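Undergrad: Respectively, the protein sequence lines represent chains A, B and C. Residues in the first sequence are numbered consecutively from 6, following the numbering used here. Residues in the second sequence are numbered consecutively from -15, following the numbering used here. Residues in the third sequence are numbered consecutively from 171, following the numbering used here. Have a look at the structure that comes next, please.
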Amino acid sequence: MKIIDFIRGRTFYERKERSGIFFVSIAFIYFVTIYYYPLIQSFLFSFFTGPSSQNRKYVGLATYKKVLSDPLFLLSVKNTFYFVILAVPTTIVLALIIATFLNYVLNKKLRDILSFMFFSPLMISFVAAALIWEWIYHPIYGLLNNLFLFIGLPSQGWLFNASQAMPSIAIMQIWLRLGFDIMIFLSALQAIPGEYYEAASIDGASGFSCFKHITLPLLNPQIVFVSIIELIFGFQVFDLVYTATHGGPTNVTRVIILHLYETAFKWYRFGEASVVAVFFFLFLLSISILQWKFRRTTTY
Amino acid sequence: MKRMKTVLILGLVMGMLFVNGQSLFAAKKNIELTYWTSMGQHPKFNKWMEDLGKELTKTYPYVKGVKIIAVPYEGYEAKYLSAMEGKVGAPDMFNGMVYDWAGAHDFCDSMPEYLVKNIEEHTVPAVRKLGVWDGKMYGVPGSTATGSSFMMLYINTDMLEEAGMDPNNYPETIDELLDFAKKLTKRDASGKVVRAGYAIRYSGNPTGITEKFLPFLHTFGGRMMSPDRKRASGYINSSESVEALQFFTDLVNKYRVSSLEIGSPAASFGHKLAAMIFREGWVVGWLRDNAPNLRYKIYPLPTYREKVGVGALFTWTDLVYKYGPNKEESWKYLELVWNNCLGGVIIDGGAPPPWKEDLNCSYMINRPDREATTEMMSRASSPNYGYIGAHLTEVASIMADAIGDSLYLKKTPKTALDEAAVKVDALLME
Amino acid sequence: MNKVLKVCLCFFLIFLALIIFVPLIWTLSTSFKTPEEITSLPITFLPKNIFNLDNYIHIFAYSAFGRYLLNSFIVSGITVVVSLIVASLAGFGFAKYNFPGKDIVFFAILAILMVPFQAITVPLYLWSIRFRLIDTYQGLAMPGLVSAFGIFLMRGAIESIPNDYLDAARIDGASELRIYWRIILPSVKGSLAALAIIKFLWTWTSFFWPLIITSTDKVKVVTLGLADYTNMYFVEYNFAMAASIISIIPLMVIFIFFQKWVVKAMILSGMKG
């Protein structure tokens, strides 16, 4: 009993505190072993060269220099940014608009059906989605080109056209992620009390002004939340690209994680792959910290 | 007490998460050998291999059979690597490229003497070479069969007739190839190619792009690197190589007999979107299943300055895992497979078997690619770059980048290849 | 909002929803076509024979797709159950307790979301070998067992439970675990449901880790089953589309069934950062 007492803590507050630590520790231990330990191993890898566990040689920061000046790596960074700029803001804005409109639909049945339709792409794995859209984008038998030809537009190369490839993939991402964001915004919108709007319309505010001054600020936490999530998913894009274009044509869809995969598993340069992984992790971390700080200063 | 109980329950739950109920026996009792392949597109051949595995019980009564497991091609490298690194959960045998798994990593068992003799008796040197690394033999392209190791010309005879040409005629030289292609191409009102006279490979896995370009490169007299595999400059960007890439690019942009928007060549050929392609023998089986009404013929590759023979970029061979517990049984099984490949191939209608005698058996005589195969196998083998080992995939990627940049007119062939030369040189120096 | 505007909005929304939904209908249609139909021009939207189940029959005959579905269920189920418990416990810990380093630990857990999975694949795999988790359900579930996202969600939801309830219970002599079980869990049912659905979805559609850790049909999941119809040379679209539909239907059924809960859950949880 004495030992248990000691562990649990003697005072009421101590007891409380320790329980908290206990509750959190399960998750914490899990993460440390499953994620942080490999991550640190990866980090250590970045200072060595050599394929996997054979012939490892310490090289210090040389790999970092090599990776940072590798044009292929820099290209993949550029491509990933391009992708994120195309996909993320579009998804968030579209989701916001659609959720706002959905909120006005009074018929619950209709709203449910529409929500279901918007949400359905989320039930598809990335690989399946890539295959489905590959087929839709097929230059000869695809739905899109045949539609275009039907209405008199010329057929496009889509995934095979160097300047259309990335936007085509961005469209896939938007399609996949839209439902999730719509649901989050919609549920937040439904939680806003109607009195706010009534009060505003009594004061003579227009619909758009209502949106700008009531809805948006109240949705701020959700907007920040969604932005962080979409950014994280956007930067981590891999399965879509790998299945659909393999990074081509001419490396225009080569994204960071694809570069990481090839460096590690096709070219066996684990040191370099680790460097890419470390950079990637730190980069995402900083973006999220920035976003988080932004949120803290603007909530009500 | 209650608290203890909950802790115990939680402990049990966590324990369940880390305990595996599998038997940990390693005794040689009732074992099933495993064979991993990323060639999921030959399901009937794979099934035949499994059935053949049951014969192994005659020699080793404790072996139940062999399980053929098809691993998705996307990501198979990661899967193979993880399994073989860990040693537990690795397959007994697998299908892969010898320079990856014997060269870059030391994961392959070298072939026992009796089997080496067996192979030497029955295969042509060009085919044998594909399984050799650093002087030792590790395997033979059996299950994928020789047909994956070189390409041939496929030509749609209906389209020849339609264009008013003799359906038994075929291009023997590159110039004739161009000539034929010009006559067989169809374009729509806006000038876009809707049926390629000759379909090129320009998308998908970069190594594939390079591989499908090599017949052109080699027949023009170009090379990817020096014979001692130490330098790329002067070879990958030699005037012959540049000429080859220029011709390839012109097919799309100048002569417009090829399109960058038509999908993969094999599929296009099957869908009647292409009149001619270069592809390996397995297409015969695929066409039989997916385009049974297609009328076509197969011929050896056209030539220019050199005759291109056996030897592709990829050296898919059946290999045995070095750290497995069942190596002896695995080699016996592979011996069975290689000596009986003909059986499986007949079932699948896929590619021709590696044994040279089989070229004259009744099955092969009826295959559309028999003469072409015989001719190809008799030619001197193509330069095989497998010997540079681990970096080959990366070299292929660099080359594919150059090809792509040229095809899409982002760079001239000379610039693209010059840049590639610098990169490959850096690689080769490691 | 006047009536006309409302009707216009409705139509606009229906139009958008249809656009989003069309690819799935196209997939369904393709799954009923034969390979010749698929590659004939001009393309047809509807298949010749609307209930041509050949592709589906082929899939179930030549591969153990039924088994894959079962496996996906099991793995997703395990993951959901464990996730709910651990995430709510941890969320409780973060929301209602104060201990040194709390914020740092919380942030460290959130940072997990930023780790690219491909970077930890090989070490994770070696880990699995050590614990003999290769080709098992536990091994499949391992990386997804606890959700950083879930902890985030639960913390947000639990934060809004008034402290008075908890203090009252403590005064009555309840232990912390009892409080968790009796007060916290029932109050965040909504968020739990939301997390359950999201986690289920996420596990069901994962591909890369299952690829690495499964070798035999024993624990193979549907996403891998789908990948069987693609290979180095070509994609068999008729089978691939059929397999996609098969993998999606259970999720759709679950979603329709739980849709009320999910929407309510998301409202109740507030999804506050």
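Just so it is clear, CB atoms sit at the ideal spot from N, CA and C, and this is done for glycine as well. The model shown is predicted, which means the values in this text are computed figures rather than measured ones.
Considering only their Cβ atoms, is the gap separating C/Ser298 from C/Ser253 smaller than 7 Å?
TA: Along the third sequence, read from residue 1 onward, the residue named residue 253 of chain C stands at position 83. Along the third sequence, read from residue 1 onward, the residue named residue 298 of chain C stands at position 128. Result no, Cβ atoms of C/Ser253 and C/Ser298 do not sit closer than 7 Å.
Undergrad: Measuring only between beta-carbons, confirm whether B/Asn274 sits less than 7 Å from chain C.
TA: As a first step, residue 274 of chain B must be located in the second sequence, where it is residue number 290. Yes, because at least one Cβ of chain C sits closer than 7 Å to the Cβ of B/Asn274.
Undergrad: Applying a beta-carbon distance threshold of less than 7 Å, which residues of chain B neighbour C/Ile304?
TA: In the third sequence, the residue the question calls residue 304 of chain C occupies position 134. In chain order: Val72 and Gly73.
Undergrad: Go through its chain and collect everything with a Cβ distance to C/Asp273's Cβ below 6 Å, but skip five positions before and after it.
TA: The residue labelled residue 273 of chain C in the question sits at position 103 within the third sequence. Answer for C/Asp273: no residue qualifies.
Undergrad: Along chain C, which residues have their Cβ under 8 Å away from the Cβ of B/Ala54?
TA: On the second sequence, residue 54 of chain B is found 70 positions in, with the first residue counted as 1. Under the 8 Å cutoff, chain C gives Asp398.
Undergrad: Using CA coordinates, which residue listed in B/Gly188, B/Asp142, B/Gly73 and B/Lys166 is at the minimum distance from C/Arg302?
TA: Your numbering for residue 302 of chain C matches position 132 in the third sequence. If we check each option's Cα against that of C/Arg302, B/Gly73 comes out closest.
Undergrad: Report all residues from its chain with a CB closer than 6 Å to the CB of A/Ile197; omit the five preceding and five following residues, and keep chain order.
TA: Here the question's residue 197 of chain A lines up with position 192 in the first sequence. Taken in chain order, the residues that qualify are Leu223.
Undergrad: Taking Cβ positions only, does C/Gln452 come closer than 7 Å to chain A?
TA: Examination of residue 452 of chain C is not possible in this model, given that chain C is present from 171 through 443 alone.
Undergrad: Within the 7 Å Cβ cut-off, does C/Val389 reach chain A?
TA: Here residue 389 of chain C refers to the residue found at position 219 of the third sequence. Closer than 7 Å: no.
Undergrad: Hey, how far is the Cα of B/Ile52 from the Cα of B/Lys31?
TA: Stepping through the second sequence from its first residue, residue 52 of chain B is reached at position 68. Stepping through the second sequence from its first residue, residue 31 of chain B is reached at position 47. If I take the Cα positions, the gap works out to 8 Å.
Undergrad: Quick check on the DSSP output: the alpha helix (DSSP H) that includes B/Lys31 runs from which residue to which?
TA: Within the second sequence, numbered from 1, the residue matching residue 31 of chain B stands at position 47. From DSSP, the alpha helix (DSSP H) with B/Lys31 extends over Pro27 to Gly37.
Undergrad: Looking at the unbroken alpha helix (DSSP H) that takes in C/Asn225, where does it start and where does it end?
TA: Position 55 of the third sequence, counting from 1, holds the residue named residue 225 of chain C. Run containing C/Asn225: Asp224 to Tyr232, per the alpha helix (DSSP H) assignment.
Undergrad: Out of A/Gly25, A/Glu200, A/Ile39 and A/Phe52, which one is the CA nearest neighbour of A/Ala278?
TA: Looking up residue 278 of chain A in the first sequence gives position 273. Residue A/Phe52 is the option with its Cα nearest to A/Ala278.
Undergrad: Take the Cβ of C/Ser417 as the centre, count every other Cβ of all protein chains shown within 10 Å, and call the residue buried at 16 or more, exposed below.
TA: The count along the third sequence starts at 1 and reaches residue 417 of chain C at position 247. Classification for C/Ser417: buried.
Undergrad: If you measure between the beta carbons of C/Gly395 and C/Phe235, is that distance less than 7 Å?
TA: Walking along the third sequence from the start, residue 395 of chain C turns up at place 225. Walking along the third sequence from the start, residue 235 of chain C turns up at place 65. The answer is yes: Cβ separation under 7 Å.
Undergrad: Among B/Val406, B/Glu195 and B/Ser390, whose alpha-carbon lies nearest the alpha-carbon of B/Val294?
TA: On the second sequence, residue 294 of chain B is found 310 positions in, with the first residue counted as 1. Of B/Val406, B/Glu195 and B/Ser390, the residue nearest in Cα terms is B/Glu195.
Undergrad: Determine, for B/Lys63, whether the minimum Cβ-Cβ distance to residues of chain C falls below 7 Å.
TA: Your numbering for residue 63 of chain B matches position 79 in the second sequence. Taking Cβ atoms only, chain C reaches closer than 7 Å to B/Lys63, which makes this a yes.
Undergrad: In terms of residue numbering, what span does the beta strand (DSSP E) encompassing C/Asn268 cover?
TA: On the third sequence, residue 268 of chain C is found 98 positions in, with the first residue counted as 1. From DSSP, C/Asn268 is part of no beta strand (DSSP E); its letter is neither H nor E.
Undergrad: Mind checking whether B/Pro338 and B/Pro155 have CB atoms under 7 Å apart?
TA: Position 354 of the second sequence, counting from 1, holds the residue named residue 338 of chain B. Position 171 of the second sequence, counting from 1, holds the residue named residue 155 of chain B. Their beta carbons are not under 7 Å apart, which means B/Pro338 does not touch B/Pro155 by this criterion.
Undergrad: Strictly by DSSP, which residues pair up with B/Tyr182?
TA: For the purposes of this step, residue 182 of chain B is taken as the residue at position 198 of the second sequence. Answer is B/Met260, bridged to B/Tyr182.
Undergrad: Pull up the DSSP beta-bridge partners for B/Asp302, would you.
TA: Against the second sequence, residue 302 of chain B aligns to sequence position 318. The partner list for B/Asp302 (beta bridge, DSSP) reads B/Asn79 and B/Val124.
Undergrad: Can you find a CB in chain C that lies within less than 7 Å of the CB of A/Glu277?
TA: Within the first sequence, the letter at position 272 stands for residue 277 of chain A. Taking Cβ atoms only, chain C never reaches closer than 7 Å to A/Glu277, which makes this a no.
Undergrad: Compute the Euclidean distance between the alpha carbons of B/Ala384 and A/Leu181, then round it to the nearest angstrom.
TA: If you number the second sequence from 1, residue 384 of chain B lands on position 400. If you number the first sequence from 1, residue 181 of chain A lands on position 176. Cα to Cα, the separation comes out at about 31 Å.
Undergrad: Any beta carbon of chain F sitting closer than 7 Å to that of B/Ala183?
TA: Absent from the structure: chain F. Protein chains present are A, B and C.
Undergrad: Taking buried to mean at least 16 other C-beta atoms within 10 Å of its own C-beta, is B/His255 buried or exposed?
TA: Locating residue 255 of chain B in the second sequence gives position 271, counting from the first residue. With 16 or more Cβ atoms within 10 Å of its Cβ, B/His255 is classed as buried.
Undergrad: Using a Cβ-Cβ cutoff of 7 Å, what residues of the stretch 240 to 251 of chain B are near chain A? List them in chain order.
TA: Hits within the stretch, in order: Leu244, Glu245, Ile246 and Gly247.
Undergrad: Near A/Thr248, which residues of its chain fall below 7 Å by C-beta distance, leaving aside the five closest residues on each side in sequence?
TA: In the first sequence, residue 248 of chain A corresponds to position 243, counting from 1. Cβ neighbours of A/Thr248 beyond the five flanking positions: Val132, Ala135 and Leu136.
Undergrad: Is the Cβ of B/Ser66 closer than 7 Å to any Cβ of chain C?
TA: As a working note, residue 66 of chain B is residue 82 in the second sequence. Interface residue, yes.
Undergrad: Residues of chain B with CB closer than 9 Å to the CB of A/Pro254, please, in chain order.
TA: Sequence index remark: in the first sequence, residue 254 of chain A carries index 249 (1-based). Neighbours of A/Pro254 on chain B, chain order: Tyr186, Ser187, Leu244, Gly388, Leu391 and Tyr392.
Undergrad: Three-state secondary structure (DSSP) at B/Ser7?
TA: Position 23 of the second sequence holds residue 7 of chain B. With a pLDDT of 35 at B/Ser7, under the threshold of 50, the modelled position of this residue cannot be trusted; read the value that follows with caution. Coil.
Undergrad: Any Cβ of chain C within less than 7 Å of the Cβ of A/Phe323?
TA: Nothing about residue 323 of chain A can be read from this structure; chain A reaches only from 6 to 305.
Undergrad: Answer yes if the stretch 216 to 235 of chain C comes into contact with the stretch 334 to 344 of chain C, meaning at least three C-beta pairs across the two stretches below 8 Å, and no otherwise.
TA: Counting Cβ pairs under 8 Å, fewer than three are found: no touch.
Undergrad: Would you verify that the beta carbon of C/Trp372 is, or is not, closer than 7 Å to some beta carbon of chain A?
TA: Mapped onto the third sequence, residue 372 of chain C falls at position 202. Chain A, which has no Cβ nearer than 7 Å to the Cβ of C/Trp372, makes this no.
Undergrad: Count the other CB atoms within 10 Å of the CB of C/Trp379; is the residue buried (16 or more) or exposed (fewer)?
TA: Your numbering for residue 379 of chain C matches position 209 in the third sequence. It is buried - the Cβ of C/Trp379 has at least 16 other Cβ atoms within 10 Å.
Undergrad: Whose Cβ in chain A lies nearer than 7 Å to the Cβ of C/Phe264?
TA: As a first step, residue 264 of chain C must be located in the third sequence, where it is residue number 94. Here the neighbours are Val29.
Undergrad: Is the stretch 164 to 183 of chain B in contact with the stretch 297 to 315 of chain B, if contact means three or more CB pairs nearer than 8 Å?
TA: With a cut-off of 8 Å, the stretch 297 to 315 of chain B and the stretch 164 to 183 of chain B do not count as touching, because too few Cβ pairs lie within range.
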